[in-house]
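In what follows, a single structure is set out as structure tokens and then discussed.
Chains as they are written, first to last, in the numbering used here: chain A, 1 to 291; chain B, 292 to 582.
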């Protein structure tokens with residue numbers, strides 16, 4: 001899978017690329033079949049919605065679930081990211097499976113991911129990429145991801161730390177700034193976009209692209225995997241957050257073959273028996289760049 | 292304005308009719324120009340969102356605002372309701388201007404309006420109609436009203452009284468029942484619909500039609516007037532709720548001419564100087580049917 005010059009220009013301009021049905025129903029099934037088991041686990045990696053048992057987000061499944069460890073090494077996901085970032089060596093900075101459960105799925109307020117990675121993790125530059133892979137069909141009714149096209153070109157924007165709106169703390173952008181960005185992006189005609197499509201679709205989006213998602217009142221779950229890949233040389237410089245949220249293993253990802261979700265290839269599952277105690281240790285000290 | 296047999300059959304089947312751009316931009320402007328003044332009032336009729344000053348809903352403006360008193364008597368709104376209900380004598384049971392403010396607008400959970408009118412107000416039958424008039428453009432991004440087509444045919448459904456999710460108490464329908472209704476209505480292919488259109492559009496929907504709306508994270512307000520018209524003979528039998536929420540004046544509405552929003556016709560504004568003390572008096576006693 002090689003992106004065309006048109007696709008590269010589109011990413012430059014809009015800050016995202018959408019690939020409908022990139023993974024087949026059979027490949028998606030290997031992943032969705034695993035989700036109930038993961039969400040039922042009593043592990044700190046499961047963050048639940050305010051006032052409900054529904055999982056808002058599950059962290060780091062690529063370290064304790066074989067199908068998701070496989071996805072984390074999938075060439076159809078890794079190669080376009082390498083191409084756009086112009087970096088061969090990527091590591092997994094964050095890996096989550098967001099539930100956005102039927103009826104219970106709460107909002108994610110407007111934010112940039114890189115804002116958090118800079119403020120909390122001291123990631124030097126936005127040499128990192130977000131990837132969203134739909135495990136359910138996404139429609140207008142189940143809280144699709146919304147983007148402000150082109151907003152990535154402004155770099156890291158001022159943000160405030162919201163600790164109360166939802167069950168997960170987030171560096172969010174204020175309303176006046178969002179209104180201005182949407183207006184500049186086309187207002188009611190294109191100032192907000194929400195890619196929709198079948199399960200197996202993938203979105204690749206810039207780590208500075210401003211995004212949000214609404215609540216899900218529909219009877220349809222909207223489970224999606226969000227992977228954040230960072231250039232190895234751009235690894236984080238502080239372990240202020242626990243390791244299952246901001247990873248500390250900067251080893252470059254090695255891809256598996258394209259049929260990896262359908263055939264059996266060995267992968268390591270270092271946290272299969274629970275996360276190590278060291279993963280919960282945090283520090284405000286700045287670390288040296290790795291050699 | 293006379294509904295066609297096709298429109299009547301469609302209402303029977305789906306439980307709603309949508310009239311895009313029924314009111315002109317000039318007519319809508321008379322209404323929208325008045326909203327900031329109403330929302331700024333410190334009156335009990337303004338219910339604000341949880342944790343914000345944004346108005347969630349303003350009640351009974353037809354009793355203290357000239358443009359909205361005029362709208363409450365508009366033939367383009369009243370006449371189709373008379374035709375569908377087969378009743379000439381209608382009174383205003385409830386009148387509200389829902390804010391669904393940009394960024395702050397919270398969800399309305401799945402519910403039927405008649406469920407509340409029966410449980411709280413002892414309205415004998417669903418001989419009543421809801422009308423929504425958009426004062427802002429409604430898109431997929433600012434929390435459109437969602438319907439489950441055909442759900443009105445089941446009559447009043449069991450409901451639970453939700454006092455905590457939002458700032459306004461509501462008799463809501465449980466998730467399993469909603470999932471079943473959506474499946475019967477077509478599931479992912481038509482089981483939920485969300486009419487969208489310019490300001491001035493109108494939706495007429497059955498008082499038993501199950502509906503909800505999502506949060507509004509967009510920078511666009513989604514102000515809409517919701518009128519509930521009840522057949523005079525079907526008036527409520529209990530004043531358990533304050534009068535600005537469930538009206539006690541069963542006088543039949545008399546229409547104004549079709550140009551009433553553009554020309555100056557006299558209307559009474561009995562609550563112009565504040566609501567009467569009696570409007571706050573409530574009782575659990577059942578009253579007699581009016582003669």
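A virtual CB, placed ideally from N, CA and C, is assigned to each residue, including glycine.
Item                                                                                                                             : Value
Beta carbon of residue 348 of chain B nearer than 7 angstroms to that of residue 426 of chain B                                  : no
Distance between residue 280 of chain A and residue 149 of chain A (C-alpha atoms, nearest Å)                                    : 36 angstroms
Chain B contacts made by the region 198 to 224 of chain A, where a contact means CB separation under 9 angstroms                 : 212, 213, 214, 215, 216, 217, 218, 219, 220
Closer than 7 angstroms to chain A by CB, residue 466 of chain B                                                                 : yes
Bridge partners - residue 529 of chain B, DSSP secondary structure assignment                                                    : B/577
Residues from the region 123 to 157 of chain A in contact with chain B, defined by Cβ distance under 9 angstroms                 : 137, 139, 140, 141, 143, 144, 146
Residue 182 of chain A at chain B interface by Cβ criterion, 7 angstroms                                                         : yes
Supposed contact pair residue 434 of chain B and residue 491 of chain B - C-beta distance, whole angstroms, cut 8 angstroms      : That belief does not hold up - the Cβ atoms of residue 491 of chain B and residue 434 of chain B are roughly 18 angstroms apart, past 8 angstroms.
Contacting positions in the region 381 to 408 of chain B - beta carbon closer than 8 angstroms to chain A                        : 393, 394, 398, 400, 401
Inter-residue spacing [alpha-carbon to alpha-carbon] between residue 94 of chain A and residue 468 of chain B                    : 37 angstroms
CB contact check: residue 470 of chain B to chain A, cutoff 7 angstroms                                                          : yes
Stretch pair the region 284 to 291 of chain A + the region 268 to 276 of chain A: three plus CB contacts closer than 8 angstroms : no
Within 7 angstroms, strictly: CB atoms of residue 495 of chain B and residue 308 of chain B                                      : yes
For residue 261 of chain A and residue 186 of chain A, the rounded distance between their alpha carbons                          : 40 angstroms
Neighbour flag for residue 483 of chain B against chain A, beta carbons, 7 angstroms                                             : yes
Spatially closest choice to residue 151 of chain A from A/96, A/64, A/212, A/71, by CA coordinates                               : A/212
Which residues DSSP lists as bridging residue 408 of chain B, in chain order                                                     : None; residue 408 of chain B has no bridge partner.
Chain A contact residues for residue 479 of chain B, given Cβ-Cβ distances below 8 angstroms                                     : 137, 139, 220
Inter-residue Cα distance where the pair is residue 431 of chain B and residue 407 of chain B                                    : 27 angstroms
Cutoff 8 angstroms; reference residue 286 of chain A; Cβ partners in own chain excluding five residues on either side            : 122, 237, 238
As assigned by DSSP and simplified to three states, the class of residue 213 of chain A                                          : strand
Stretch pair the region 45 to 63 of chain A + the region 157 to 177 of chain A: three plus CB contacts closer than 8 angstroms   : yes
Identity of the residues DSSP links to residue 295 of chain B by a beta bridge                                                   : According to DSSP, which records beta bridges pairwise, residue 295 of chain B is partnered with nothing at all.
Beta-carbon separation (whole angstroms), residue 9 of chain A vs residue 244 of chain A, contact threshold 8 angstroms          : The pair is not a contact, with the Cβ atoms about 37 angstroms apart (cut-off 8 angstroms).
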